[in-house]
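Numbering (my numbering), first residue to last: 107 to 422.
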Ligand code: UDP
Ligand code: MG
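The structure is reproduced here in structure tokens:
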């Protein structure tokens, strides 16, 4: 029998936390009764600098039942870093982890199947949404488009997979050796390798609270995903640049010929248009290159991705 740790990042989740804790406890007790996981298995909530009573609730849960543990981050660092903080904090104590959102939009019944796949020898099991019925049409379309763009740009991401996944201790050790600061878990986990599989589930409505990913955050997340995984945008710009250069040479030859034939006109329109076009393209190119340089700048700092303030574990 192996030990399972559930890792749940929480940011201002006081509304949903009690219900989430109850449902997860039932799930864990069920798995323990079936002798799928050991009694040492735990449910770990990571408090990502919440402004509400989330940490008080976690502390209370831990006091009432030591199956609940808490990791308190020193401040808000965002979903990806909070998740990583949780995974790295518990890594030494368990054989496998499953990460999931606090709002339980991801069907927790998929946990059984994930654990099953772990025993079949998988180091990573991806939870994949079979339908996105509960999302708005807008979110559905943008998500679909995003995955397609990612694929086109050469980033290896699992379609319709959020951060609901099982990872073995070995896979977590692998994850730890990725030192980048601009961490995008969905893109990095497939790079770890090992045997992996997927489990399908239906995504549910938020049963309370609301999405903490407004459009602005979603766009920044998508952009972060692309620029931290792929250098294709840079190549595309180089290609575009060479293409435009080629066109300008052709234009040059053409105008020389026209000049020799004595048919030149003072082409004000074409001059202005080309100034604008080339100026615009240059700005765009510089902007995208700047984005990558910004990333290099951040990586060079080697800032810590998270700082754990307190870990409520079996020892305290
Ligand atoms: N979350 C976090 N830090 C943040 C924002 C979100 O730890 O800065 C957590 C949040 O509590 C939830 C998970 O990340 O457990 C996913 O957030 P949410 O459900 O709002 O995202 P969505 O389901 O809309 O993609
Ligand atoms: Mg959610």
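Just so you know, even glycine gets a beta-carbon here, dropped at the ideal spot from N, CA and C.
Quick caveat, the model's predicted, so the values are computed rather than measured.
query: Sheet register partners of residue 153 (DSSP bridge); result: 116, 178
query: Residues bridged to residue 217 (per DSSP); result: For residue 217, which the question treats as bridged, DSSP gives no partner whatsoever.
query: Anticipated Cβ contact below 8 Å, residue 290 with residue 335, distance rounded; result: 6 Å
query: Minimum length 4: unbroken alpha helix (DSSP H) runs contained in the region 120-146; result: 123-139
query: Beta-carbon gap between residue 176 and residue 168 smaller than 8 Å; result: yes
query: Residue nearest to residue 179 in terms of C-alpha spacing, selected from 331, 111, 164, 123; result: 164
query: DSSP state of residue 170 mapped onto helix, strand, coil; result: helix
query: Distance, residue 325 Cα to residue 280 Cα; result: 28 Å
query: Cβ pair residue 305, residue 266 closer than 8 Å; result: no
query: Beta carbon of residue 108 nearer than 8 Å to that of residue 287; result: no
query: Whether residue 255 touches residue 293 by CB criterion (8 Å); result: no
query: Own chain partners of residue 217 with C-beta closer than 7 Å, once the 5 adjacent residues on each side are dropped; result: 133, 204
query: Contact between the region 145-158 and the region 191-205 (3+ Cβ pairs under 8 Å); result: yes
query: Presumed contact (8 Å Cβ cut-off) between residue 117 and residue 154, rounded CB distance; result: 4 Å
query: Three-state secondary structure assigned by DSSP to residue 367; result: coil
query: Supposed close pair residue 210, residue 113 - CB separation, criterion 8 Å; result: Their Cβ separation, rounded to whole angstroms, is 14 Å, which puts residue 210 and residue 113 out of contact at 8 Å.
query: Residues bridged to residue 232 [DSSP beta-bridge criterion]; result: 271, 304
query: Any chain D beta carbon closer than 8 Å to residue 162; result: Judged by its chain identifiers, the structure shown contains no chain D, having just a single protein chain.
query: Residue burial classification, residue 332 (beta-carbon count within 10 angstroms, cutoff 16); result: buried
query: Integer-rounded CB distance, given that residue 229 should sit under 8 Å from residue 183; result: The Cβ separation is near 26 Å, so there is no contact.
query: First through last residue of the beta strand (DSSP E) which encompasses residue 416; result: 414-418
query: Any non-hydrogen atom of the ligand UDP within 7 Å of residue 182 CB; result: yes
query: Nearest-angstrom beta carbon gap, residue 123 and residue 160 [assumed within contact, 8 Å]; result: 6 Å
query: Among 384, 328, 171, 356, nearest to residue 259 - alpha-carbon criterion; result: 328
query: Secondary structure of residue 110, DSSP reduced to three states; result: strand
query: Proximity below 8 Å, CB of residue 158 to CB of residue 120; result: yes
query: Alpha-carbon to alpha-carbon, residue 337 and residue 401; result: 12 Å
query: For residue 395 and residue 348, the rounded distance between their alpha carbons; result: 16 Å
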